[in-house]
Amino acid sequence: MTDNGKVTNIFLSGVGGQGTILASNILAEVFLGAGYDVKKAEVHGMAQRGGDVTTHFRFGKKVYSPLIEYGEADFLLSFELLEAARYINWVKPEGKIIINKQAILPPAVSLGQVEYPGDIEKTFRKHFKDNVWIINGQEIARELGNIQAANVVLTGAFSNFFPEIKEEKWTDAIKVLLPTKLHELNAKAFYEGRKII
Amino acid sequence: MKKVMQGNEAIARGAWEAGVIIGCAYPGTPSSEIMAEISGYDEIYTEWSPNEKIAVEVAHGASLAGGRAIACMKHVGLNVAADPFMTISYTGVKGGFVIVVADDPGQHSSQNEQDSRNWTRFGKVPMIEPADSQECKDFTKIAFDISERFDTPVLLRTETRVSHCDSVVESGERKESAIPKGLDQKDTPKYVMVPMYSRPKRVALEDKIAKLAAYADTEFPYNVMEINDPSIGFISSGVSYLYTKDVFPQYSFLKLGMVWPLPKNMIAEFFKKVKKVIVVEELDPFFETEIRAMGYKVWHGKDLIPAMGELSPGIIKQSLIKVVEGRKYKPPKIMIKPENLPRRPPNLCAGCSHRPLFYALKKLGLYVFGDIGCYALAVAPPLAAMHASTCMGAGIGGAYGAGKVLGKKGLGKICAVLGDSTFLHSGIGPLMDTVYNKGYSTTIILDNGITAMTGQQETPGTGYTIKGEPAAIVDYEQIVRAVGVKNVRKVDPYNIEETMGVIREEVNRDDASAIITVNSPCMLLRRANPLGKFKHPVYTIDTDRCRGCKVCLEINCPAVSWQKAEGQTKDGYKRKGTVFINKDQCVGCEVCVQVCKFEAIVPGAK
Chain A
147 MTDNGKVTNI FLSGVGGQGT ILASNILAEV FLGAGYDVKK AEVHGMAQRG
197 GDVTTHFRFG KKVYSPLIEY GEADFLLSFE LLEAARYINW VKPEGKIIIN
247 KQAILPPAVS LGQVEYPGDI EKTFRKHFKD NVWIINGQEI ARELGNIQAA
297 NVVLTGAFSN FFPEIKEEKW TDAIKVLLPT KLHELNAKAF YEGRKII
Chain B
-15 MKKVMQGNEA IARGAWEAGV IIGCAYPGTP SSEIMAEISG YDEIYTEWSP
35 NEKIAVEVAH GASLAGGRAI ACMKHVGLNV AADPFMTISY TGVKGGFVIV
85 VADDPGQHSS QNEQDSRNWT RFGKVPMIEP ADSQECKDFT KIAFDISERF
135 DTPVLLRTET RVSHCDSVVE SGERKESAIP KGLDQKDTPK YVMVPMYSRP
185 KRVALEDKIA KLAAYADTEF PYNVMEINDP SIGFISSGVS YLYTKDVFPQ
235 YSFLKLGMVW PLPKNMIAEF FKKVKKVIVV EELDPFFETE IRAMGYKVWH
285 GKDLIPAMGE LSPGIIKQSL IKVVEGRKYK PPKIMIKPEN LPRRPPNLCA
335 GCSHRPLFYA LKKLGLYVFG DIGCYALAVA PPLAAMHAST CMGAGIGGAY
385 GAGKVLGKKG LGKICAVLGD STFLHSGIGP LMDTVYNKGY STTIILDNGI
435 TAMTGQQETP GTGYTIKGEP AAIVDYEQIV RAVGVKNVRK VDPYNIEETM
485 GVIREEVNRD DASAIITVNS PCMLLRRANP LGKFKHPVYT IDTDRCRGCK
535 VCLEINCPAV SWQKAEGQTK DGYKRKGTVF INKDQCVGCE VCVQVCKFEA
585 IVPGAK
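In order, the protein sequence lines correspond to chains A and B. Remember, the numbering used here sits 146 above the position in the first sequence when you count from 1. Letter 148 of the second sequence, counting from 1, is numbered 132 in the numbering used here, and no numbers are missing.
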């Protein structure tokens, strides 16, 4: 996957509080450690207020733009179904998609004004066939004792796309970025995720 | 050591490496992290100033005493600081003085979209603009050298995709400035800007700018020409350069690290070396106008590239692919139309004290002059309880002015609402005006104990400094009384009935009044134990009683949602659904409980 001459584009999306930014920080730590140039872009400010959160993450030999071009994402790593659907058009035809099977209702749905779209999984499978992985990340995290670790479960699943990067590089990154008391839980979450794909 | 850093973090690192000893800021997205990061360095005194004007004045004073100083703000903050800014260019500096201004193209988190590059020519202050985090650090350092060498403040302009992007930075060591600390011998012609001294300074300023222009051309290391395929040359700066480089890497580039003064000779040389020039810049045609005024023929610029909102590689490709490569732009496949999906706007947190307060204002039918802060989220339906919001502090003057037009007919109809931090930033002046000039409007100060929207920054009202040290606390009631407000009330916004009563009384008065909320800390301010006051940790719906009337949905609480389900209450009322409380999100604030007419919301178990 990691051809040194090209830039790899990873589009992350989720809802504020789901750990989208932590996941992108893990990617930054791992790919910088692997000797790549990395850039990532996110918008802060209102994420804590339940808005959507996106991160553009790019790595390669030399990366210029921090933003991914439309239709150029190699991967979509999403922590919520609707937030995956919102960015489907960013993914290139042969792109790979990893989605957390969770629905967090936006206000218009909570108010009963519109329905939460029911056919998201189907749409992804229609366009991307076998390149779609829908993972029940928060269930796995709940079993491990903390629903917050769903982002790391998905990161674990995602790590399989980069076989040249050793497993401990990922767990080391988690240790660097999280407080000690969360190391064990998140390492477990990572391994559980890694088993999936 | 190489590290991935956010642009703001890299500016902070650059300030530290440059030997800065004072940093002042008022928070504002996307600039807030700069001072938060700088406050982590022991060698630097830092502060959250009450507003940006004060930040610039304090930092300038520090510079006059020989310290390297930095003041940071978002684009609208420089509007507030414009007064000192426009004259500091005359007095100059002693210790290096850098003003960071962070623009927000696309208005991710701002009330307007401004291109701060316009300040550089207007204020006659040089401006440099980094493109990524390494440049953020390097440019910050060189900005201090330029400042001391040319005796001028320097503007460092970033924008959201520079401030909030992360990229690789090679760190260096701290080096103290060679400027000695201490006050100079009295030098009134330099520092006292009365007309007899400011007129010669005005003349000297032109000479300074000429010297800076020469520096931009011959010495500044970050104006860089890259001659590749010479058939097309792009002139660009900052993140726009990175986008363009990504889309059209094979062509030639003039990357401008200095926005103004421009390197005229270098531009002339570029026009000789390439056949056709395209100027790519975000927002206004700043370079394009300047370069056209120099007499050059710019092939394309704002005729093809949008002058509003953010650019991106996609937008640049869409705008330019036809003229650059002669082929039609092929848009990516649309698999789902994003406009067909429910939006996910930000919302007040579950339990937020602004929710019941704005619910009360809505029920009272008041025309609400709002302000800048989390409470601006109250504009969103279904709460939809704000009528006007312009800039920080504007609500108070607005309510007062409207009252002057309406006279007695406006009694009971108008109020101004703003947060504690916003009040300290720029609310005291207009409140004074309201009282002094016999206005009658009611000002409601929402005291949640912190600057909330930008991510929990301290203020003079919180009792702590930026470094977490205990500090004096502003007494809002005393300030309000001191400017002459006689009617001062305190309300606990979580008691909706009582709050409505107090507001009703005050808005009907024919002289100025103020209401200050108590017991209303931000839900994210852990030290204030915001959940401690709630009797029960969570509430639930008694489906025997819920009639599905949807009244509780009007408060727009993220924990409360609608569920379709035909059924009936215990007493036989047929309903089409019930509400549902998400126990992971509910904090037990009881706002929905007070709104429910059927006693259907009851304590639950976590």
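Ideal Cβ positions, reconstructed from N, Cα and C, are used throughout, including at glycine.
Coarse secondary structure for residue i, derived from DSSP in three states
| i | result |
| --- | --- |
| Val401 of chain B | strand |
| Arg311 of chain B | coil |
| Gly191 of chain A | Interpretation of Gly191 of chain A is limited by its pLDDT of 49, a score under 50 that renders its predicted location unreliable; no figure is taken from the coordinates. |
| Val261 of chain B | strand |
| Tyr210 of chain A | coil |
| Met209 of chain B | strand |
| Trp283 of chain B | coil |
| Phe271 of chain B | helix |
| Glu190 of chain B | helix |
| Gln259 of chain A | coil |
| Asp318 of chain A | helix |
| Glu289 of chain A | helix |
| Leu158 of chain A | strand |
| Arg559 of chain B | strand |
| Thr301 of chain A | helix |
| Thr427 of chain B | strand |
| Ser622 of chain B | Any question about residue 622 of chain B goes unanswered here, given that chain B covers just -15 to 590. |
| Lys334 of chain A | helix |
| Gln91 of chain B | coil |
| Ala230 of chain A | helix |
Under 8 Å between C-beta atoms of residue i and residue j
| i | j | result |
| --- | --- | --- |
| Ala231 of chain A | Arg327 of chain B | no |
| Pro340 of chain B | Ile480 of chain B | yes |
| Ala39 of chain B | Met57 of chain B | yes |
| Ser211 of chain A | Leu226 of chain B | yes |
| Pro477 of chain B | Ser504 of chain B | yes |
| Tyr74 of chain B | Met180 of chain B | no |
| Pro205 of chain B | Lys257 of chain B | no |
| Leu537 of chain B | Leu227 of chain A | no |
| Ile72 of chain B | Pro137 of chain B | yes |
| Gly447 of chain B | Pro454 of chain B | yes |
| Gly45 of chain B | Ser161 of chain B | no |
| Ala115 of chain B | Gly222 of chain B | yes |
| Ala303 of chain A | Ile342 of chain A | yes |
| Glu27 of chain B | Trp0 of chain B | yes |
First through last residue of the alpha helix (DSSP H) which encompasses residue i
| i | result |
| --- | --- |
| Arg101 of chain B | Arg101 to Gly107 |
| Asp230 of chain B | Gly222 to Val231 |
| Arg339 of chain B | His338 to Leu348 |
| Pro414 of chain B | Ile412 to Tyr420 |
Sequence-distant residues of the same chain with beta carbon closer than 6 Å to residue i, five excluded per side
| i | result |
| --- | --- |
| Val263 of chain B | Ile219, Phe271, Glu272, Val282 and Gly285 |
| Val491 of chain B | Gly396, Cys399 and Thr426 |
| Asp87 of chain B | His59, Ser100 and Glu143 |
| Met111 of chain B | Thr104, Leu139, Arg141, Val243 and Trp244 |
| Ile300 of chain B | Tyr227, Thr228 and Val231 |
| Gly191 of chain A | For Gly191 of chain A, the predicted structure reports a pLDDT of 49, less than 50, and the residue's modelled location is therefore unreliable. A value from the coordinates is still provided. There are no such residues. |
Own chain partners of residue i with C-beta closer than 7 Å, once the 5 adjacent residues on each side are dropped
| i | result |
| --- | --- |
| Ile525 of chain B | Thr562, Val563, Phe564, Ile565, Ala584 and Ile585 |
| Gly279 of chain B | none |
| Lys334 of chain A | Leu290 |
| Gln440 of chain B | Ile434, Leu508 and Leu509 |
| Val(-12) of chain B | Asp150, Ser151 and Val152 |
First and last residue of the uninterrupted beta strand (DSSP E) at residue i
| i | result |
| --- | --- |
| Met57 of chain B | Ala53 to Lys58 |
| Gly7 of chain B | Ile6 to Ala9 |
| Trp279 of chain A | Val278 to Ile281 |
Members of the stretch 201 to 215 of chain A near chain B, C-beta cut-off 7 Å
Tyr210, Ser211, Pro212, Leu213 and Glu215
Under 7 Å, CB to CB, which of the residues in the stretch 263 to 282 of chain A have a partner in chain B?
For the stretch 263 to 282 of chain A, which is checked against every Cβ of chain B, the residues closer than 7 Å are Pro263, Thr269 and His273.
Residues, ordered as in the chain, of the stretch 249 to 260 of chain A that lie near chain B by beta-carbon distance below 7 Å:
Leu251, Pro252, Pro253, Ala254, Val255, Ser256, Leu257, Gly258 and Val260
Between the stretch 144 to 176 of chain B and chain A, which residues of the former have CB atoms less than 8 Å from a CB of the latter, in chain order?
Thr144, Arg145, His148, Cys149, Asp150, Ser151 and Val152
Positions along the stretch 218 to 238 of chain B whose CB lies within less than 9 Å of some CB in chain A
Val223, Tyr225, Leu226, Tyr227, Thr228, Lys229, Asp230, Val231 and Pro233
Beta carbons nearer than 7 Å to chain A: which residues of the stretch 296 to 309 of chain B have them?
Ser296, Pro297, Gly298 and Lys301
Please name the residues in the stretch 508 to 522 of chain B whose beta-carbon is closer than 8 Å to at least one beta-carbon of chain A, in chain order.
Within the stretch 508 to 522 of chain B, the residues whose Cβ lies closer than 8 Å to any Cβ of chain A are, in chain order, Leu508.
Members of the stretch 386 to 417 of chain B that neighbour chain A once the beta carbon cut-off is set at 7 Å
none
Going along the chain, which residues of the stretch 552 to 566 of chain B sit with their C-beta nearer than 8 Å to a C-beta in chain A?
Gly561
Closer than 9 Å, Cβ to any Cβ of chain B: which residues of the stretch 154 to 175 of chain A, in chain order?
Val161, Gly162, Ser170, Asn171, Ala174 and Glu175
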